[in-house]
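Q: Once you've had a glance at the structure underneath, I'll fire off some questions.
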Amino acid sequence: MLGHEGLRKLASALIVAGLFGFLFSACGKSSSGKDSSISISESDATLDGVVDDTIQATDSASDDLSSSADGGLDVRDDDLWTEDSVDDDTMAPDTTPDATPDDATPDDAVESDGSVSDDGFADPLDLLGDAPTAGAIYIYLTGDLTPQDFKDKLSGQTPSDYVIAISRYSILTSADDPAPYLCFDHGDTPAVADLSKDTLVGFCSTVSVPSASYTHGRVKVDYVRYSVTGNLHVGAIVLPGSFTFFRAYSKGKYDGIDYLPGQGYIEFTGDYDFKTPYYFPEPPSVPNVKTELVDGEFLMTFPFTNPLPIVQNGSELHWARFHWQIHEAFRWKDANTLTYVKSVWDANSVPAGSELIMMFGVSGYYVTSSVD
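If you're matching positions, the sequence shown starts at 54 in this note's numbering and goes up one per residue.
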């Protein structure tokens, strides 16, 4: 009879042999319009280096193991980030505090910015330098942990280690302004916002900003990464652990690897650790927020609650804060299956056995500003 170590090795063999090497392939289409199912292959040019050396173990460990289960995690692509699952309008600003107080000046936000440099991603403090104290526009990003009154009868979990990378911000006089004013551009080194904190992701001086009434902001989103806990089922083996989701929204090199929009990975950490490539479904439309992919760049254009009046060379301090509602926003439908635990996300090596993911980490957005 197999002991714990034997079970672990068997699970490893199942993984690399292919029984759930294809586990994390999404339903629907990728951003490029191609079928989103992908295999773990060292020949995948855009994800070179993602697959680790454990694939070599198949020669000795998988002779009697079936590799025909080319399945995918059953993820609905027609009900992502849906407002219908929330009783109220998730776009409406709430009046309760976010994860941190709304500090209208940059000082507190700067000293509390989340550094994630330990995993190779950029620390925003290295990008921003000294923020001006007058005649400036500050842009913040934060997670809203206010409980939502979900009516969808689904299970939910608030993601942990939630970060969003932003590299560019412009202000517009209308949603279709043909000549938006570029406030800041971090280039290939985006500012990374930890959604458990209030992060200053960029700023610009109003010295050169044309005097006008600005009604919209536009950000370039580079990538999103977060983790959730759950169980991984391989036959009778149950592996509890953590699943980290990484999605590239814009084309670029992240942590040394080239990604196209919609590409990413899911990494499982537990008794056995592995990482597999993943194609995400196309982002859904969101009320009042315009999303578009332009030349490989994912742009989000959102309205301010009230117009932002900018006077060139003025001394006023302006700010806007982009809130992501993330409380229990990773949501799934519990399956009535033996060994599955209610309110725990259960993934399975057999695609039909995986619990359906209905919402990928955010239930809504809204913007607050210095003129609210």
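Glycine included, each C-beta is placed from N, C-alpha and C at the ideal position.
Could you tell me the distance, in whole angstroms, from the CA atom of residue 21 to the CA atom of residue 251?
A: Missing from the structure shown is residue 21; the chain here goes from 54 to 425 and no further.
Q: Label residue 396 either buried or exposed according to how many other C-beta atoms from any shown protein chain fall within 10 Å of its C-beta, with 16 as the threshold for buried.
A: With fewer than 16 other Cβ atoms within 10 Å, it is exposed.
Q: Determine, using beta-carbon pairs with one atom in the region 352-362 and one in the region 315-327, whether at least three such pairs fall under 8 Å.
A: Touching, no, given that fewer than three Cβ pairs across the two stretches are closer than 8 Å.
Q: Confirm, please, whether the CB-CB distance from residue 244 to residue 255 is below 8 Å.
A: Cβ atoms of residue 255 and residue 244: closer than 8 Å.
Q: On the three-state DSSP scale, how would you describe residue 240?
A: If DSSP states are grouped into helix, strand and coil, residue 240 belongs with coil.
Q: Between 294, 357, 234 and 278, which has its C-alpha nearest residue 333's C-alpha?
A: Out of 294, 357, 234 and 278, 278 has the C-alpha closest to the C-alpha of residue 333.
Q: Count the other CB atoms within 10 Å of the CB of residue 235; is the residue buried (16 or more) or exposed (fewer)?
A: Looking at its Cβ environment, which holds fewer than 16 other Cβ atoms inside 10 Å, residue 235 is exposed.
Q: Just the C-alpha distance for residue 339 and residue 273, rounded to the nearest angstrom, thanks.
A: Distance between the alpha carbons of residue 339 and residue 273 is about 16 Å.
Q: The beta strand (DSSP E) with residue 275 in it runs from where to where?
A: 265-287 is the extent of the beta strand (DSSP E) around residue 275.
Q: Thinking residue 3 and residue 376 are a contact (beta carbons under 8 Å), I'd like their distance in whole angstroms, please.
A: Nothing can be reported for residue 3: it is not among the residues displayed for the chain, which extend from 54 to 425.
Q: What I want to know is whether the C-beta of residue 207 ends up closer than 7 Å to one or more non-hydrogen atoms of the ligand ATP.
A: The ligand ATP is not part of this structure, which contains no ligands at all.
Q: Residue range of the beta strand (DSSP E) that residue 397 falls in?
A: Counting along the chain, residue 397 falls outside any beta strand (DSSP E), and DSSP gives it neither H nor E.
Q: Cα-Cα, which of 242, 421, 308 and 416 is closest to residue 7?
A: The chain is shown from 54 up to 425; residue 7 falls before or after that span and cannot be answered.
Q: Just to confirm before moving on: does the CB-CB distance between residue 374 and residue 420 stay below 8 Å?
A: The answer is yes: Cβ separation under 8 Å.
Q: Let me know the secondary structure DSSP gives residue 382 once reduced to three states.
A: Note: residue 382 maps to coil in three-state DSSP.
Q: So the beta strand (DSSP E) residue 204 belongs to, where does it begin and stop?
A: First-last for residue 204: undefined, no H or E at that position.
Q: DSSP three-state call for residue 407: helix, strand or coil?
A: Note: residue 407 maps to coil in three-state DSSP.
Q: Which of helix, strand or coil does DSSP assign to residue 210?
A: If DSSP states are grouped into helix, strand and coil, residue 210 belongs with the strands.
Q: Might you give, ordered along the chain, the residues of its own chain that have their beta carbon closer than 7 Å to the beta carbon of residue 302, omitting 5 neighbours on each side?
A: Result list for residue 302: 274, 275, 276, 277, 314 and 351, in chain order.
Q: Kindly indicate the opening and closing residues of the beta strand (DSSP E) around residue 312.
A: Looking at the DSSP string, the run of the beta strand (DSSP E) that includes residue 312 is 310-312.
Q: In whole angstroms, what separates the C-alpha of residue 249 from that of residue 198?
A: In a straight line, the C-alpha of residue 249 is about 8 Å away from that of residue 198.
Q: Please identify the residue among 400, 356, 202 and 217 whose C-alpha is closest to the C-alpha of residue 223.
A: Among 400, 356, 202 and 217, the Cα nearest to that of residue 223 is on 356.
Q: Measuring only the C-alpha atoms, how far is residue 79 from residue 331?
A: Reliability of the predicted coordinates at residue 79 is poor, the pLDDT of 36 falling under 50, and no value is obtained from them.
Q: Applying the criterion that 16 or more other CB atoms from any shown protein chain within 10 Å of the CB defines a buried residue, is residue 260 buried or exposed?
A: It counts as exposed.
Q: Check this for me: beta carbons of residue 401 and residue 286, under 8 Å apart or not?
A: Yes, these two residues count as a Cβ contact at 8 Å.
Q: Alpha carbon to alpha carbon, how far is residue 190 from residue 422? Give it in angstroms, no decimals.
A: Rounded to whole angstroms, residue 422 to residue 190 spans 10 Å at the Cα level.
Q: Tell me the DSSP secondary structure of residue 359 in three-state form.
A: Residue 359: strand per DSSP, three-state reduction.
Q: Under a three-way DSSP split, which group does residue 335 fall into?
A: The answer is coil: DSSP assigns residue 335 none of H, G, I, E or B.
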